[in-house]
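These notes concern the structure reproduced below.
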Amino acid sequence: MRWTQAGWILVSAALAAGCSPQPAAMASTSGDKVYRVTPDSLRVQAGSVAGEILRMRVTERIEEGSGRILSPARLSGRLFLENVSADAAIHLIGGSITYLDAQGQPIPLENGRAEPKIRFGAAGDTSGRLEPGKSATELLYAEFPAAALQANRLTAIQIRLDYSQLPAVQVEERLNFAVSVGQGPAPEVK
Numbered sequence: 008m009r010w011t012q013a014g015w016i017l018v019s020a021a022l023a024a025g026c027s028p029q030p031a032a033m034a035s036t037s038g039d040k041v042y043r044v045t046p047d048s049l050r051v052q053a054g055s056v057a058g059e060i061l062r063m064r065v066t067e068r069i070e071e072g073s074g075r076i077l078s079p080a081r082l083s084g085r086l087f088l089e090n091v092s093a094d095a096a097i098h099l100i101g102g103s104i105t106y107l108d109a110q111g112q113p114i115p116l117e118n119g120r121a122e123p124k125i126r127f128g129a130a131g132d133t134s135g136r137l138e139p140g141k142s143a144t145e146l147l148y149a150e151f152p153a154a155a156l157q158a159n160r161l162t163a164i165q166i167r168l169d170y171s172q173l174p175a176v177q178v179e180e181r182l183n184f185a186v187s188v189g190q191g192p193a194p195e196v197k
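Take 8 as the starting number for the sequence shown in the working numbering and just add one per residue.
Below, the structure written as structure tokens:
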């Protein structure tokens, strides 16, 4: 009996020692590296739609000390679209974002990251419908190519919009926003 009690005490002590908290390893800290997009607000028009991107910036998460990229660059801002047609309603379907270099060629995303898409409500949803003179606003969070962060590489952000002009004409327009990217303070996206 004594041996059994002593055995339990030893086993309990060993378990307690093995399960006690170990000193924490040095936790890595990270921070956001923010790139300013200039101009940070720009308005353009194509067909029946006027578009504006407000408070644009590019952010990537960096491990402090090593400089290792923890989260790839992302463009953020607010996309404002307005139906400038005098007499036709439109229904916003979706779109995509392309980043263009000085020759007008797309700057590809790295490591198999997908082309950024824009959605305006679900199928059958009336939230994508814009009457003449009305507007819609969408928060914009999109993948951004690391190569576009190089000085003077990015010259435009192109948004391809798909919409139908009601009653039922499918239209595709491209809104080109001439921009550049640099490091520095950037506006908050609200």
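Glycine is no exception: its CB is placed at the ideal position from the N, C-alpha and C atoms. From a predicted model like this one, the values you see are computed outputs, not experimental measurements.
Item                                                                                                                                                                   : Value
Going by alpha carbons, who is nearest to R167 out of S142, G140, P123?                                                                                                : P123
DSSP on A153, reduced to helix/strand/coil?                                                                                                                            : helix
Given T36, which residues of its chain have a CB within under 8 angstroms of its CB, disregarding the five upstream and five downstream residues?                      : E70, E71, G72
How long is the line joining the alpha carbons of T105 and V186, rounded to whole angstroms?                                                                           : 13 angstroms
Tell me which residue opens and which closes the beta strand (DSSP E) that E180 is part of.                                                                            : 176-185
Can you tell me the Cα-Cα spacing of L146 and L82, whole angstroms?                                                                                                    : 11 angstroms
Check whether the Cβ atoms of R64 and Y42 lie closer than 8 angstroms to each other.                                                                                   : yes
What are the boundary residues of the beta strand (DSSP E) that includes G101?                                                                                         : 97-107
Rounded to whole angstroms, what is the Cα-Cα separation between E138 and E180?                                                                                        : 18 angstroms
Between which two residues does the beta strand (DSSP E) harbouring N90 extend?                                                                                        : 76-90
For L173, count neighbouring C-beta atoms within 10 Å of its own C-beta (all shown protein chains included) and say buried if the count is 16 or more, exposed if not. : exposed
Compute the beta-carbon to beta-carbon distance between G58 and L88, rounded to the nearest angstrom, for a pair I have assumed lies under 8 angstroms.                : 5 angstroms
On the CB-based measure, 16 or more other CB atoms within 10 Å of its CB, does G84 come out buried or exposed?                                                         : buried
Can you pull the DSSP bridge partners for Q172?                                                                                                                        : I97, V176
Since S103 contacts I125 with CB under 8 angstroms, what's their CB separation in whole angstroms?                                                                     : 7 angstroms
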